[in-house]
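Heads up: the structure comes next, in structure tokens.
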Amino acid sequence: MDGTKRQRRGDTRQRIQDVALGLFAEQGYEKTSLREIAERLDVTKAALYYHFKTKEEILVSIFEDLTRPMDELIEWGKAQPHSLETKQEVLRRYSEALTGAAPLFQFMQENQATIRELSIGNQFKDRMLGMRDIIRDPDASLTDQVRCLSALFTMHAGMFVLQEDDGDPEDKRKAVLEVAIDLVTQAHAGTQSADPQTP
Numbered sequence: 009m010d011g012t013k014r015q016r017r018g019d020t021r022q023r024i025q026d027v028a029l030g031l032f033a034e035q036g037y038e039k040t041s042l043r044e045i046a047e048r049l050d051v052t053k054a055a056l057y058y059h060f061k062t063k064e065e066i067l068v069s070i071f072e073d074l075t076r077p078m079d080e081l082i083e084w085g086k087a088q089p090h091s092l093e094t095k096q097e098v099l100r101r102y103s104e105a106l107t108g109a110a111p112l113f114q115f116m117q118e119n120q121a122t123i124r125e126l127s128i129g130n131q132f133k134d135r136m137l138g139m140r141d142i143i144r145d146p147d148a149s150l151t152d153q154v155r156c157l158s159a160l161f162t163m164h165a166g167m168f169v170l171q172e173d174d175g176d177p178e179d180k181r182k183a184v185l186e187v188a189i190d191l192v193t194q195a196h197a198g199t200q201s202a203d204p205q206t207p
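Each position in the sequence shown, counted from 1, maps to that position plus 8 in the numbering used here.
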């Protein structure tokens with residue numbers, strides 16, 4: 009019985025997040041009210057308050073849930089040797105995590121001013137810095153450091169720019185990933201040639 013109640017509560021929380029994110033993307037975070045979220049869910053505001061007191065609480069919960077795989081990836085990457093294989097695997101896993109979090113990234117892209125004002129803006133920046141530190145070598149040339157940053161931006165931009173194009177989403181994801189891996193591979197090769205003693 010307790011498990012069933014917990015499951016129902018979890019399903020309601022998920023429904024609130026899905027509806028809220030849809031409304032945020034559709035009409036903007038600032039223009040969406042808790043009342044509209046409740047109406048779209050066909051529940052009272054009191055029922056909504058049981059789970060979330062504010063719009064920001066809903067958004068933070070969405071952000072935390074959808075970025076959890078990224079946090080796990082960053083922790084994994086930090087524990088691995090700083091090799092080309094690790095960097096390539098991090099990009100592969102990041103590509104899959106981005107696919108799972110696509111609605112959140114679409115919202116972030118369309119509501120950049122709001123994101124900067126909320127706590128999740130700094131949290132996202134910290135995650136990007138964590139990813140950067142895994143895929144770049146701190147003593148790499150500036151050009152090679154830019155290649156590594158470009159790999160991350162390529163993955164983010166590719167998710168949005170290519171979604172309007174015809175074609176299989178998986179083929180597009182693989183093409184973006186291939187370019188990102190090429191950039192990191194070039195950067196790694198540049199670092200190795202600059203320091204022949206590095207294995």
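For every residue, glycine included, the Cβ atom is placed at its ideal position computed from N, Cα and C.
Separation of A46 from D173, as counted between CA atoms: 34 Å
In its own chain, which residues sit with a C-beta less than 6 Å from the C-beta of G108, not counting the 5 before and 5 after it? none
Do the segment 70–87 and the segment 130–140 touch if we need at least three Cβ pairs shorter than 8 Å? yes
My guess is that I123 and I66 are in contact by the Cβ rule of under 8 Å, so how many angstroms apart are they, rounded? Not confirmed; about 14 Å, so no contact.
Would you say R100 and L170 are within 8 Å of each other, going by their C-beta atoms? no
Taking DSSP as the reference, what is the three-state secondary structure of D176? coil
With a Cβ-Cβ cutoff of 8 Å, do L49 and V68 count as a contact? no
Does the structure place the segment 178–196 close enough to the segment 146–165 that three or more beta carbon pairs sit under 8 Å? yes
Could you tell me the distance, in whole angstroms, from the CA atom of A195 to the CA atom of T151? 8 Å
Here's a check: name, in chain order, each residue in its chain whose Cβ is nearer than 7 Å to the Cβ of R181, leaving out the five neighbours to either side. S103, T107
What does a CB cutoff of less than 7 Å around T75 pick up in its chain, not counting 5 residues either side in sequence? A109, R135
Should L71 and L112 be called a contact, given that it needs their Cβ atoms to be closer than 8 Å? Strictly speaking, residue 71 in this sequence is Phe, with Leu absent from that position. Closer than 8 Å, so yes.
Can you list the beta strand (DSSP E) stretches of 3 or more residues lying completely in the segment 24–99, in chain order? none
Once the 5 residues before and after A148 are set aside, which same chain residues still bring their CB inside 8 Å of it? C156, A195, G198, T199, A202
Would the C-beta of Y37 count as close to the ligand MN, meaning under 7 Å from any of its heavy atoms? Ligands are entirely absent from the displayed structure, and the ligand MN is therefore not among its contents.
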